[in-house]
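In what follows, a single structure is set out as structure tokens and then discussed.
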Amino acid sequence: MKASSTYALGGLLALGGAALLFHQHLDHQNTMDIVNLQHRFMALTSLFIAGSAMADGIARTTSWIRPFLLPSGLMLLGVQLVMNE
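The structure is reproduced here in structure tokens:
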């Protein structure tokens with residue numbers, strides 16, 4: 000993938016993570032503290048996925064851990080989604 004495409008993908012993923020981080024449930028603001036906490040964890044995981052995607056696409060050096068960052072972030076997000084009710 001080209002570097003410009005990698006930056007565009009990473010930016011789009013980071014935008015989704017930031018939107019999840021800063022949104023609020025206005026109709027249930029006080030009663031949904033656990034949901035807001037879960038969304039914070041999912042947002043941080045999404046930002047990790049965005050950074051991993053960018054690092055994977057623009058890396059100029061080899062690392063043994065880099066190929067595992069993006070899949071592990073996606074698996075972590077999947078586990079978080081499964082554990083939410």
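First residue of the sequence shown: 0, per numbering that gives the first Met the number 0; consecutive thereafter.
The beta carbon of each residue, even a glycine, is placed where N, CA and C say it ideally should be.
None of these values were measured; they are calculated from a predicted model.
Note that the segment 36 to 53 touches the segment 7 to 20; at least 3 beta-carbon pairs, one per stretch, sit closer than 8 Å. Here DSSP, grouped into helix, strand and coil, assigns N83 to coil. Within the same chain, and ignoring the five residues on either side of R65 in sequence, the residues whose Cβ sits closer than 7 Å to its Cβ are A54, D55, A58. Boundaries for R59: no alpha helix (DSSP H) harbours it, and the DSSP string shows neither H nor E there. The Cβ-Cβ distance between A52 and L20 does not fall below 8 Å. The beta carbon of L12 sits closer than 7 Å to those of S45, I48, A49, A52, all from its chain and outside the five residues before and after it, given in chain order. H38 sits in a helix when the DSSP states are folded into three classes.
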